[in-house]
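If you use this note's numbering, the sequence shown corresponds to residues 27 to 378, in order. All C-beta atoms in this analysis are idealised placements derived from N, C-alpha and C, irrespective of residue type, glycine included.
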Amino acid sequence: MNLDIVLLLAQDGLTNGAIYALLALALVMVFAVTRVIFVPQGEFVAFGALTLASFQGNKLPGTLWLLLLAGSICFLMDWRYQQGLGKGMARRLRWSLMWQVLFPLGLALLVFFLQSSPLGLAKLPLWVQIILALLVVVPLGPMIYRLAFQPMAQAPILVLLIVSVAVHLVLVGIALVFFGAEGSRTPPFSEGGFALGSVPVQAQTLWVLGTSLLFMIALGLFFERSLFGKALRATAVNQTGARLMGIAPVFAGRLVFLLAALMGTYSGMLIGPITTIYYDTGFLIGLKGFVGAIIAGLASYPLAVGGALLVGLLEAYSSFWASSFKEVIVFALIIPVLLWRSLRHQDLDDEA
27 MNLDIVLLLA QDGLTNGAIY ALLALALVMV FAVTRVIFVP QGEFVAFGAL
77 TLASFQGNKL PGTLWLLLLA GSICFLMDWR YQQGLGKGMA RRLRWSLMWQ
127 VLFPLGLALL VFFLQSSPLG LAKLPLWVQI ILALLVVVPL GPMIYRLAFQ
177 PMAQAPILVL LIVSVAVHLV LVGIALVFFG AEGSRTPPFS EGGFALGSVP
227 VQAQTLWVLG TSLLFMIALG LFFERSLFGK ALRATAVNQT GARLMGIAPV
277 FAGRLVFLLA ALMGTYSGML IGPITTIYYD TGFLIGLKGF VGAIIAGLAS
327 YPLAVGGALL VGLLEAYSSF WASSFKEVIV FALIIPVLLW RSLRHQDLDD
377 EA
């Protein structure tokens with residue numbers, strides 16, 4: 027192994043690690059606010075990339091119909107729940123109708139009009155296709171929370187984990203029906219690149235590293251400076267205290283699932299030009315983000331980023347030395363981390 031190979035593997039590791047970092051941050055954020063280990067996080071990666079690929083093939087993505095169906099069911103659940111709560115809930119019901127029925131319906135009509143126009147979806151600028159894909163996939167996040175997790179928000183963590191696994195299996199099956207077993211790739215955001223010494227660096231790699239860094243900075247500013255971010259932090263620290271201060275746990279749950287869906291969907295669009303995405307690809311990618319989140323104890327955002335980058339680098343170098351065992355090596359990283367945390371927890375109990 028010479029220096030060029032070391033740099034190439036480091037580039038691959040940092041690129042993959044940046045994606046895993048976004049997913050790890052989303053997992054830590056969702057768990058901190060809702061106590062849900064969000065196993066389907068990786069499905070948003072696949073949905074994002076495959077929806078964008080559908081637009082580029084001038085096809086109506088199946089996620090559009092899923093959005094319409096999920097939104098309608100969410101509205102019916104809200105209507106049934108708020109029916110007996112008096113006139114004070116009419117405003118909330120109007121918002122539910124607007125965002126969960128009218129918005130998906132208007133978006134579906136817009137996509138259908140663009141597809142049937144002489145220009146077609148495939149000839150739209152890439153940034154327009156990306157925005158449309160985000161508008162289709164990201165709202166599924168809070169809808170999944172409303173359908174699967176909000177009704178049992180006070181359930182034990184193990185029950186929430188079982189529900190999360192069930193949602194993952196359902197979404198994988200839906201993805202197979204909508205997109206088929208064939209994989210898809212999307213064109214890069216930018217063509218070309220440059221050479222770092224004798225090591226080529228593609229423009230898409232810069233997009234992955236640059237936008238991932240910007241995403242992390244924006245997320246940090248959101249939690250530190252914005253009112254909604256502070257509300258999420260308060261809910262993560264103490265749900266009962268946050269409720270007493272007027273922060274609705276339902277709102278916090280939907281908001282954090284919206285952010286997690288945004289991060290997962292955009293991650294899928296970033297890696298779509300780098301690797302072929304299949305209907306079930308997201309699970310393995312999300313699982314590697316989960317390893318980074320486990321290293322952080324599902325609690326620390328900086329450690330989640332560091333753990334995800336470690337996973338990316340370990341995967342890249344192990345693929346060179348032992349490509350047949352790279353997945354085993356990556357997931358075996360959980361064992362010493364869990365052992366260390368178990369021993370540390372035991373020491374703290376003894377001190378207490």
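query, result
"Rounded to a whole number of angstroms, what is the C-alpha to C-alpha distance between SER238 and LEU270?", "35 Å"
"Per the contact definition of three or more C-beta pairs closer than 8 Å, is the region 67-74 in contact with the region 265-281?", "no"
"Figure out for me which residue from ILE321, ALA221, ALA47 has the closest Cα to the Cα of ARG367.", "ILE321"
"Hey, quick one: how far does the alpha helix (DSSP H) through GLY294 stretch, first residue to last?", "275-297"
"Could you tell me whether the region 336-350 touches the region 33-41, where touching means 3 or more Cβ pairs closer than 8 Å?", "yes"
"By the three-class DSSP mapping on this structure, what secondary structure does GLN228 have?", "strand"
"Quick check: the region 151-171 against the region 122-138, are there 3 or more CB pairs under 8 Å?", "yes"
"Looking only at C-alpha atoms, which of ALA229, SER210, ALA207, ARG120 sits nearest to GLU217?", "ALA229"
"Check whether the region 172-190 and the region 42-52 touch, using three or more Cβ-Cβ pairs below 8 Å as the test.", "no"
"How many Å lie between SER345 and LEU35 at the Cα?", "9 Å"
"Are there 16 or more other CB atoms within 10 angstroms of the CB of ILE297, so buried, or fewer, so exposed?", "buried"
"Does the region 244-256 come within contact of the region 142-160, defined as at least 3 CB pairs closer than 8 Å?", "no"
"In its own chain, which residues sit with a C-beta less than 7 Å from the C-beta of TRP233, not counting the 5 before and 5 after it?", "PHE215, SER216, LEU296"
"Compute the Euclidean distance between the alpha carbons of THR302 and ALA116, then round it to the nearest angstrom.", "46 Å"
"In terms of residue numbering, what span does the alpha helix (DSSP H) encompassing ILE175 cover?", "The residue you asked about is not Ile; residue 175 is Phe in the sequence shown. No alpha helix (DSSP H) holds PHE175; DSSP gives it neither H nor E."
"DSSP three-state label for LEU40, please.", "helix"
"Where DSSP assigns a beta bridge to GLY12, which residues make up the other side?", "No information on residue 12 is available, as it lies outside the stretch 27 to 378 that the chain covers here."
"Hey, GLY308 and GLY294: beta-carbon distance below 8 Å or not?", "yes"
"Which residue comes first and which comes last in the alpha helix (DSSP H) that contains SER80?", "67-82"
"Tell me, please, which residues DSSP counts as bridged to SER210.", "ILE303"
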